[in-house]
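The structure appears below as structure tokens.
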Amino acid sequence: MWNRRHGRLRTVGCGMEELRRRRREREAELRKARREQQLVSKRLLRDDTPEEAEGGCVALILGEAEIQQFLWLAQRGTGEKEREGALVSLRRGLQHPETQQTFIRLKGSMRTLVGLLTSNQALLQLEAARCLHELSHSEQSAVAEACLPATSYLLTYLAGHSSDLIELCLYTLGNLIVESESVRRQLLPQGIVPALASCIQSPHLTVLEALGYALSQLLQAKEAPKKIIPSVLSTPLPQHMLRLLQPGPKLNPGVAVEFAWCLHYIICSQVNNALLITHGAVSTLGLLLLYLAGAVQRSEDAGLELLLCPVLRCLSNLLTEAAGGQVQLRDERVVVSLFIILQFLLQKQPSLLPEGLWLLNNLTANSPGFCTSLLSLDLIEPLLQLLPVSNVVSVLVLTVLCNVAEKGPAYCWRLWPGPLLPSLLDMLAFSDTEVVGQSLELLQLLFLYRPEAVQAFLQQSGLQALKRHEEEAQLQDRVHALQQTALHR
Numbered sequence: 023m024w025n026r027r028h029g030r031l032r033t034v035g036c037g038m039e040e041l042r043r044r045r046r047e048r049e050a051e052l053r054k055a056r057r058e059q060q061l062v063s064k065r066l067l068r069d070d071t072p073e074e075a076e077g078g079c080v081a082l083i084l085g086e087a088e089i090q091q092f093l094w095l096a097q098r099g100t101g102e103k104e105r106e107g108a109l110v111s112l113r114r115g116l117q118h119p120e121t122q123q124t125f126i127r128l129k130g131s132m133r134t135l136v137g138l139l140t141s142n143q144a145l146l147q148l149e150a151a152r153c154l155h156e157l158s159h160s161e162q163s164a165v166a167e168a169c170l171p172a173t174s175y176l177l178t179y180l181a182g183h184s185s186d187l188i189e190l191c192l193y194t195l196g197n198l199i200v201e202s203e204s205v206r207r208q209l210l211p212q213g214i215v216p217a218l219a220s221c222i223q224s225p226h227l228t229v230l231e232a233l234g235y236a237l238s239q240l241l242q243a244k245e246a247p248k249k250i251i252p253s254v255l256s257t258p259l260p261q262h263m264l265r266l267l268q269p270g271p272k273l274n275p276g277v278a279v280e281f282a283w284c285l286h287y288i289i290c291s292q293v294n295n296a297l298l299i300t301h302g303a304v305s306t307l308g309l310l311l312l313y314l315a316g317a318v319q320r321s322e323d324a325g326l327e328l329l330l331c332p333v334l335r336c337l338s339n340l341l342t343e344a345a346g347g348q349v350q351l352r353d354e355r356v357v358v359s360l361f362i363i364l365q366f367l368l369q370k371q372p373s374l375l376p377e378g379l380w381l382l383n384n385l386t387a388n389s390p391g392f393c394t395s396l397l398s399l400d401l402i403e404p405l406l407q408l409l410p411v412s413n414v415v416s417v418l419v420l421t422v423l424c425n426v427a428e429k430g431p432a433y434c435w436r437l438w439p440g441p442l443l444p445s446l447l448d449m450l451a452f453s454d455t456e457v458v459g460q461s462l463e464l465l466q467l468l469f470l471y472r473p474e475a476v477q478a479f480l481q482q483s484g485l486q487a488l489k490r491h492e493e494e495a496q497l498q499d500r501v502h503a504l505q506q507t508a509l510h511r
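With the sequence shown counted from 1, adding 22 to any position gets you the numbering used here.
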């Protein structure tokens, strides 16, 4: 009986293999969308002294003469206080793009600033680093490239003892990395990857967060898959990143967010995801997902919600790897946690719902166990409630339901009857071809495995709902196939 129906579906060009082929193509497109990189950005640390903050000082645009004067005082002032004050004034002036442009045009200015950076007086050194940091935040690529003479020293100080200086150097390097390829070309031979790796065991959370930022900037470079990520994977960085993502009381949201995005960029490169899986990436991220679900359920607002997007993306993309399908967690815990997160996102960040649904799609695509969990936990109706959110969400919800339905008659028996048919008829009223197309595929699967669904479909004016899509080129074949199936049952 199954073969006869299967054959009939194939004769109208919409058999199971055809359905699977279309879904594979669509999933490849969706997977590509999930791999879109986070927009790069720059960070700016400004740690004005209490005196400066209270005084409400307004930084003035500096001319050449003033810049030269401050540099001269910083080098040859009568005392450390005067020298440091000169650098503070210069740093405040460098907050203006006009001063930055004047500074880099001034002959010898960068050489003088680098000389102050290498000073043996810690306060002068730190203030010179702050000046460089202001320059690194410039939106003008020429300003960033003017900082190149300082990069080797910034890398050297990553191995120092001052956590304040290390943090500042990391954020400055992160800003410079993103600016231009020429900056990265110089930093890579200087050993930026080993230098960053040397910071990963720092006991200072501020250093770790800055490290995560700098590394994430580096991993987003267009040349990263070929020139950067293989080097990163050859260091202890991946193991330590996963260690910092382990759930528990020691998990720091700021640090975890930065390294979760780092992991996302590495996974998206597909350079060696098998290595990450070997290091326990799937189980670590799965446990983190459970932890995040508990946190949002308890309404703990500690910045953990910022972890949701990168963690969902990391798990989703790892599960597309052949070896990544072996999730070492109980099915029901993963599914329940994901639905808790979906409900949270629906209320707080609906724009992230596709991320959670894409993970649910990857979990259910090749796992009868996860599909069984959806059914046994009565999660189909909560899933259907997400359909009206957006067309993208509708497509993903319907794709998950297709994953369940294609597992066979026993699964379709649990799907039908229920609220599924009214929901599908509502979807057929949509004008979006992807939503309608996915609805048609789900109906085909239901008709194949639950013949009684056809009668209910006809009784509820299903054929009339199909007619509005008969002339749409992308849907004609599937509409015709469904009409044939419905009329010849």
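All residues carry an ideal CB built from backbone N, CA and C; glycine is no exception.
Buried/exposed call for residue i, threshold 16 Cβ in 10 Å
| i | result |
| --- | --- |
| residue 129 | exposed |
| residue 127 | exposed |
| residue 491 | buried |
| residue 119 | exposed |
| residue 283 | buried |
| residue 395 | buried |
| residue 159 | buried |
| residue 144 | exposed |
| residue 239 | buried |
| residue 140 | exposed |
Selected residue, minimal CA-CA separation from residue i, among the options
| i | options | result |
| --- | --- | --- |
| residue 228 | 146, 327, 190 and 369 | 190 |
| residue 121 | 83, 131, 141 and 133 | 83 |
| residue 8 | 68, 252, 482 and 259 | Nothing can be reported for residue 8: it is not among the residues displayed for the chain, which extend from 23 to 511. |
| residue 387 | 90, 415 and 423 | 423 |
| residue 285 | 404, 359 and 267 | 267 |
| residue 248 | 210, 233 and 235 | 210 |
| residue 505 | 465, 496 and 494 | 465 |
| residue 333 | 257, 320 and 359 | 359 |
| residue 131 | 161, 153 and 142 | 153 |
| residue 443 | 408, 161, 483 and 271 | 483 |
| residue 408 | 420, 400 and 399 | 420 |
| residue 479 | 273, 438 and 460 | 438 |
| residue 187 | 425, 434 and 148 | 148 |
| residue 203 | 176, 174, 235 and 250 | 250 |
| residue 445 | 206, 403 and 114 | 403 |
Spatial neighbours of residue i in its chain, beta-carbon cut-off 7 Å, leaving aside the 5 residues before and after
| i | result |
| --- | --- |
| residue 104 | 95 |
| residue 430 | 471 |
| residue 392 | 353, 357, 385 and 386 |
| residue 481 | none |
| residue 264 | 301, 302, 303 and 306 |
Residue span of the alpha helix (DSSP H) that contains residue i, given as start and end
| i | result |
| --- | --- |
| residue 384 | 375-387 |
| residue 448 | 442-450 |
| residue 331 | 330-340 |
| residue 489 | 484-489 |
| residue 425 | 413-427 |
| residue 434 | 431-437 |
| residue 91 | 86-98 |
| residue 458 | 455-471 |
| residue 103 | 102-115 |
| residue 499 | 498-509 |
| residue 390 | 390-398 |
| residue 189 | 185-201 |
| residue 476 | 474-481 |
| residue 277 | 275-291 |
| residue 405 | 402-406 |
| residue 159 | Looking at the DSSP string, residue 159 is not in any alpha helix (DSSP H), and its letter there is neither H nor E. |
| residue 137 | 131-139 |
6 Å CB neighbourhood of residue i in its chain, flanking five on each side removed
| i | result |
| --- | --- |
| residue 413 | 454 and 457 |
| residue 261 | 301 |
| residue 339 | 289 |
| residue 397 | 436 |
| residue 487 | 447 and 450 |
| residue 232 | 189, 192 and 193 |
| residue 77 | With a pLDDT of only 43 at residue 77, under the threshold of 50, the placement of this residue in the model should not be trusted; the figure read from the coordinates follows. Nothing listed; no residue qualifies. |
| residue 462 | 500 and 504 |
| residue 337 | 307 and 381 |
8 Å Cβ shell around residue i - same chain, five flanking residues per side excluded
| i | result |
| --- | --- |
| residue 347 | Reliability of the predicted coordinates at residue 347 is poor, the pLDDT of 46 falling under 50, and the value obtained from them is presented with this limitation in mind. So the qualifying residues of the chain are 341, 388 and 389. |
| residue 157 | 116, 122, 125, 126, 165, 166, 168 and 169 |
| residue 468 | 427, 434, 437, 438, 442 and 475 |
Proximity test, Cβ basis, 8 Å: residue i and chain B
| i | result |
| --- | --- |
| residue 280 | Chain labels in this structure do not include chain B; a single protein chain is all it has. |
* To do: Count the C-beta pairs between the region 99-116 and the region 192-199 that are closer than 8 Å, then say yes if the count reaches three, no if not.
  => no
* Can you find at least 3 beta carbon pairs, one from the region 291-300 and one from the region 308-322, that sit closer than 8 Å? -> no
* Count the CB pairs spanning the region 211-219 and the region 173-182 that are closer than 8 Å, and state whether there are at least three. => yes
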